[in-house]
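Engineer:
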Amino acid sequence: GTDLQMKDKDGNASYDGVVGSQTRGAVERAVREGKIKEVNNRIVEKRIQYMRSLPAHKFNPGWIPRAKSFLMQ
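For the sequence shown, counting from 1, position 66 maps to 79 in this note's numbering; every step adds exactly one.
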């Protein structure tokens with residue numbers, strides 16, 4: 014219950030990127046259910062994937078270690 018993926022008009026999976034009431038509600042549920050670590054780490058992994066997809070990735074070696082610093086153990 015923490016995936017806020019939506020379908021666009023063509024039925025493709027997407028995320029709107031807005032931290033609105035649904036996102037806040039999902040985070041609140043994750044906290045109540047003891048899943049905040051899982052949610053946090055998924056966000057970090059998605060960020061790392063995104064950064065690796067950028068052409069400038071190889072010129073910014075600090076991006077990945079910085080993102081990984083937010084992982085919860």
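We put the CB at the ideal spot given by N, CA and C, even for glycine.
1) Comparing C-alpha positions only, which one of 56, 44, 73, 84 sits nearest to residue 28?
2) Put residue 64 into one of helix, strand or coil per three-state DSSP.
3) Within its chain, find whatever has a CB closer than 8 Å to the CB of residue 20; leave out the 5 residues flanking it on each side and keep chain order.
4) Please work out which residues of its chain come closer than 6 Å, Cβ to Cβ, to residue 76, disregarding the five sequence neighbours upstream and downstream, and give them in chain order.
5) Per DSSP, what are the beta-bridge partners of residue 26 in this structure?
6) For the candidate residues 58, 67, 32, 66, whose alpha-carbon lies nearest to that of residue 82?
Structural biologist: Considering the structure as presented:
1) In the sequence shown, counting from the first residue as 1, residue 28 sits at position 15. Taking only the C-alpha atoms, the option nearest residue 28 is 56.
2) The residue you call residue 64 lines up with position 51 of the sequence shown. Residue 64: helix per DSSP, three-state reduction.
3) Looking up residue 20 in the sequence shown gives position 7. Excluding residues within five positions, the ones whose Cβ falls inside 8 Å are 26, 27.
4) The residue you call residue 76 lines up with position 63 of the sequence shown. Cβ within range, chain order: 64.
5) The sequence position of residue 26 within the sequence shown is 13, counting from 1. Residue 26 pairs with 20.
6) Start at 1 with the first residue of the sequence shown, and residue 82 comes out as number 69. Measuring from the Cα of residue 82, the nearest candidate turns out to be 58.
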